[in-house]
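Structure record follows, encoded as structure tokens.
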Amino acid sequence: MSITRHEIRTITEENRGQPIISQAVVHGNVAYFAGVTPDPIVGDIKAQTAQVLRRVDELLKLAGTDKSRLLSAQVWIADMRLFEDHNAVWNQWVDPANAPVRTCLTTEFWRPGMLVEVMVIAALPDTASSRASVDT
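The opening residue of the sequence shown carries number 0 in numbering that gives the first Met the number 0; numbering runs sequentially from there.
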């Protein structure tokens with residue numbers, strides 16, 4: 000079974016131009032996505048969460064899947080006091096019949112003003128793995 004990597008890119012100058020991250024990796028019928036962050040960084044936790052989840056939807060679509068096929072989600076927020084407001088947006092977005100396993104942790108982000116990052120893993124339909132492309 001092959002592994003397909005999409006949009007391998009450089010994140011920091013410390014790595015001297017060497018690729019250190021793939022936007023997505025597809026193995027079999029599973030797509031693993033890198034963390035999605037707000038870009039640009041504007042607004043409160045609700046605005047940033049909504050922006051990030053729109054981007055997650057876009058990436059899932061490019062891979063040939065959607066949020067109803069999410070297997071797992073990892074969420075990082077800047078402060079646990081933001082959890083309730085983050086969840087208000089998450090709960091409106093997530094497919095209630097197909098909620099993924101999820102964890103939510105706090106972290107200190109390296110980008111000023113950044114409040115949330117979301118990383119997901121999703122199943123692909125049987126026909127999607129051969130055509131999945133998330134190069135953006």
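Heads up, the beta-carbon is just placed ideally off N, CA and C, and yes, glycines get one too.
Taking residue i as the reference, give the member of the options with the closest Cα.
i, options, result
"GLN47", "PHE82, LEU69 and ARG68", "PHE82"
"VAL41", "PRO95, THR105 and VAL51", "VAL51"
"LEU69", "PHE108, PHE32 and GLY27", "PHE32"
"ASP125", "THR105, TRP92, ALA62 and ASN28", "ASN28"
"GLU107", "ASP78, ALA96, PRO95 and ASN97", "ASP78"
"ASP43", "ASP84, ALA96, TRP89 and TRP92", "ASP84"
Do residue j and residue i come within 8 Å of each other at the CB atom, strictly closer than that value?
i, j, result
"MET113", "THR36", "yes"
"VAL115", "TRP75", "yes"
"SER71", "VAL119", "yes"
Just reading off the beta strand (DSSP E) that residue i is part of, what are its end residues?
i, result
"GLU116", "115-122"
So, is residue i buried or exposed, given that buried needs 16 or more other C-beta atoms within 10 angstroms?
i, result
"TRP109", "exposed"
"ALA87", "exposed"
"LEU104", "exposed"
Following the continuous alpha helix (DSSP H) through residue i, name the residue where it begins and the one where it ends.
i, result
"ARG101", "Element bounds for ARG101: not the alpha helix (DSSP H) but the beta strand (DSSP E), 100-105."
"ALA46", "44-61"
Rounded to a whole number of angstroms, what is the C-alpha to C-alpha distance between residue i and residue j?
i, j, result
"ALA95", "LEU61", "The question names Ala, but residue 95 in the sequence shown is Pro. If I take the Cα positions, the gap works out to 22 Å."
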